[in-house]
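J.:
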Amino acid sequence: MYPFAAGLYAPRNRWYVAARSTEVGRAPLERFILNEPVVFYRTEAGEPVALAGRCPHRGYPLGKSKVCGDAIVCGYHGLRFEADGRCSHIPSQAIVPPKARVKAYPLVELWDWMWIWPGAPELADPALLPDHRTLGLTDPNWIKRPPLYWQVEGRYQLLNDNLLDLTHLTVLHADTIGGGDVAGTEERSEEGDGWVRSVRWIPNATVTDWVRKSRGIEGAVDREIMLTFVAPGFHFGHDRYFPAGSDPATTPPMLDIRIFHAVTPATLNSCHYFASSAVDPATFELSRKYPPDTASALKIFTEDVEAIGEIERLLGAAGEFDEVPLRADVHSLRGRRLVEAMIRSEPPPGGEKAKAATQPRSAGSGG
């Protein structure tokens, strides 16, 4: 499905962010992950659990059921499912059918996020998670900000496209983090095994009034924006400001913000968006001296969320279309192809029928 070839949706054997740690407690949390209902909760010892969210008896949502001890009990007929997905009790009969069980998903709690593996459980290797120490997520010298969350009414790759193509900052975020020179500055692209990176160095950058007021920046600056996409849905990078004309190799930035985004497919036409940031002590002190306008800061994210929703609205009402590619699309198209290659590398669910559905479509797929 757009923007991929017909029949392609999302790779399953990958780690995705499913929830913020604070969202998962003793009460069931229902969330769709890769078009499937999943229920999240914690055991009495506080361990997070993720189970398929539909009772195999009559399909009642386990997310609308009740946690008892370390198990969840279906709110319709009382089937009890343990944390490993096994059904341990049925009120109406003594024998538990072998098929009366639900899938248990591998789940890792890391840096305020719950990471889920939707694919084959035996392939879920925690070593495949992003290296949080390298990214600064666990750096004690940096101050991390609480993660934010939005349910986006648009397919997940539309949001990935948004984050891969930062030329939209000049227009969509003109009043906050934009600047007329972001779109006009050449980007340097890099890529490796499972990732692509975009770097922009903007000398004598245009700094919006919002940045000056909220960050306490005075005078001319050089700006560096870097964002790395680790397919299929994790983005990290930085936004740095240096005194104009300084050497970034020897001069520390006056402002340094580490940025983190996670994009997870929900349904075919919606996704989960998690975002957070971390700052060094100097930047933290600046933010205390010049408290940012919280409403304006959140506006940056909601502008993206609303833009994706509008694109999805037209896709639903008018159908798919043939994109007109621009020079600035090169980096985002690399990201698309990376995700599409991951999807194609996996055996399709449903056998030969599903395999036939994943064959490439004609030109105009947008990939």
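Take 64 as the starting number for the sequence shown in the numbering used here and just add one per residue. C-beta atoms are modelled at their ideal positions from N, C-alpha and C, and glycine is treated no differently. Source: prediction; values computed, not measured.
Determine the direct distance from the alpha carbon of Glu366 to that of Glu375, and round the result to whole angstroms.
T.: Taking the first residue of the sequence shown as 1, we reach residue 375 at position 312. Taking the first residue of the sequence shown as 1, we reach residue 366 at position 303. Looking at the two C-alpha atoms, the distance is approximately 14 Å.
J.: Check Ile189 in the structure and name its three-state DSSP category.
T.: Here residue 189 is taken as the residue at index 126 of the sequence shown, counted from 1. It should be noted that the sequence gives Pro, not Ile, for residue 189. Of the three classes helix, strand and coil, the one that applies to Pro189 here is helix, per DSSP.
J.: What number of angstroms, rounded off, separates the C-alpha of Glu249 from the C-alpha of Ser408?
T.: Reading the sequence shown from its first residue, position 186 is the one you call residue 249. Reading the sequence shown from its first residue, position 345 is the one you call residue 408. Near 32 Å, if we compare the C-alpha coordinates of Ser408 and Glu249.
J.: Run through DSSP, which three-state label would Met177 get?
T.: Along the sequence shown, read from residue 1 onward, the residue named residue 177 stands at position 114. In the structure shown, Met177 sits in a strand (DSSP, three-state: E or B).
J.: Is it buried or exposed, Phe384, if we count other Cβ atoms within 10 angstroms and call 16 or more buried?
T.: Locating residue 384 in the sequence shown gives position 321, counting from the first residue. Its Cβ having fewer than 16 others within 10 Å, Phe384 is exposed.
J.: According to DSSP, is Ala134 helix, strand or coil?
T.: Here residue 134 refers to the residue found at position 71 of the sequence shown. Strand at Ala134.
J.: Would Glu287 be called buried (16 or more neighbouring beta carbons within 10 Å of its own) or exposed?
T.: For the purposes of this step, residue 287 is taken as residue 224 along the sequence shown, with counting starting at 1. Buried: at least 16 other Cβ atoms inside 10 Å.
J.: Counting along the chain, where does the beta strand (DSSP E) carrying His301 start and finish?
T.: The residue given as residue 301 occupies position 238 in the sequence shown. Its beta strand (DSSP E) spans residues Phe297 to Pro306.
J.: Nearest CA to the CA of Arg94: which residue from Val387, Thr327, Ala370 and Pro344?
T.: Position 31 of the sequence shown, counted from the start, is the residue given in the question as residue 94. Of the listed residues, the one whose Cα sits closest to Arg94 is Thr327.
J.: Could you pull out every unbroken beta strand (DSSP E) segment of at least 3 residues lying fully inside the region 100-152, listed in chain order?
T.: As far as the region 100-152 is concerned, its whole beta strand (DSSP E) runs of at least 3 residues are 111-115, 129-131, 134-136 and 150-152.
J.: Taking 9 Å as the CB-CB limit, is Arg278 close to chain B?
T.: Of the chains in the structure shown, none is chain B; there is only one protein chain.
J.: Buried or exposed: where does His140 fall if 16 or more other Cβ atoms within 10 Å of its Cβ makes it buried?
T.: Locating residue 140 in the sequence shown gives position 77, counting from the first residue. The residue is exposed, with fewer than 16 neighbouring Cβ atoms inside 10 Å.
J.: Using 8 Å for Cβ pairs, my map puts His163 next to Pro119. What's the rounded Cβ distance?
T.: Reading the sequence shown from its first residue, position 100 is the one you call residue 163. Reading the sequence shown from its first residue, position 56 is the one you call residue 119. According to the sequence as given, residue 163 is Ala; it is not His. Sure, about 6 Å apart at Cβ, within 8 Å.
J.: Measuring CA to CA, which of Gly217, Trp258 and Arg275 is closest to Gly242?
T.: Locating residue 242 in the sequence shown gives position 179, where the first residue counts as 1. Selected option, being the one with the closest Cα: Arg275.
J.: Report buried or exposed for Val402, applying the criterion of at least 16 other Cβ atoms within 10 angstroms of its Cβ.
T.: Within the sequence shown, the letter at position 339 stands for residue 402. Buried.
J.: From Ala360 to Arg83, what does the alpha carbon distance come to, in whole angstroms?
T.: Reading the sequence shown from its first residue, position 297 is the one you call residue 360. Reading the sequence shown from its first residue, position 20 is the one you call residue 83. Cα to Cα, Ala360 sits roughly 20 Å from Arg83.
J.: Nearest to Gly122 by CA position, among Glu99, Tyr104, Leu235 and Pro111, is which residue?
T.: The count along the sequence shown starts at 1 and reaches residue 122 at position 59. Closest option to Gly122, Cα to Cα, is Glu99.
J.: Count the C-beta pairs between the region 75-92 and the region 299-313 that are closer than 8 Å, then say yes if the count reaches three, no if not.
T.: The region 75-92, when compared against the region 299-313, does not touch it at the 8 Å Cβ threshold.
J.: Please classify Ala345: does DSSP put it in a helix, a strand, or coil?
T.: To locate residue 345, count along the sequence shown from 1; it is residue 282. Three-state DSSP puts Ala345 in a helix.
J.: Beta-carbon separation of Val112 and Asp133 under 9 Å?
T.: Taking the sequence shown and counting its residues from 1, one reaches residue 112 at position 49. Taking the sequence shown and counting its residues from 1, one reaches residue 133 at position 70. Contact flag set, yes.
J.: Give me the Cβ distance between Leu191 and Trp78, rounded to the nearest whole Å; I'm assuming they're in contact under 8 Å.
T.: As a first step, residue 191 must be located in the sequence shown, where it is residue number 128. As a first step, residue 78 must be located in the sequence shown, where it is residue number 15. That pair is a contact at about 6 Å.
J.: Should Ser339 and Phe323 be called a contact, given that it needs their Cβ atoms to be closer than 9 Å?
T.: In the sequence shown, residue 339 corresponds to position 276, counting from 1. In the sequence shown, residue 323 corresponds to position 260, counting from 1. The answer is yes: Cβ separation under 9 Å.
J.: Check the DSSP bridge columns for Trp273 and list the partner residues they point to.
T.: Counted from its first residue, the sequence shown places residue 273 at position 210. In the DSSP output, where bridge partners are listed per residue, Trp273 has none listed.
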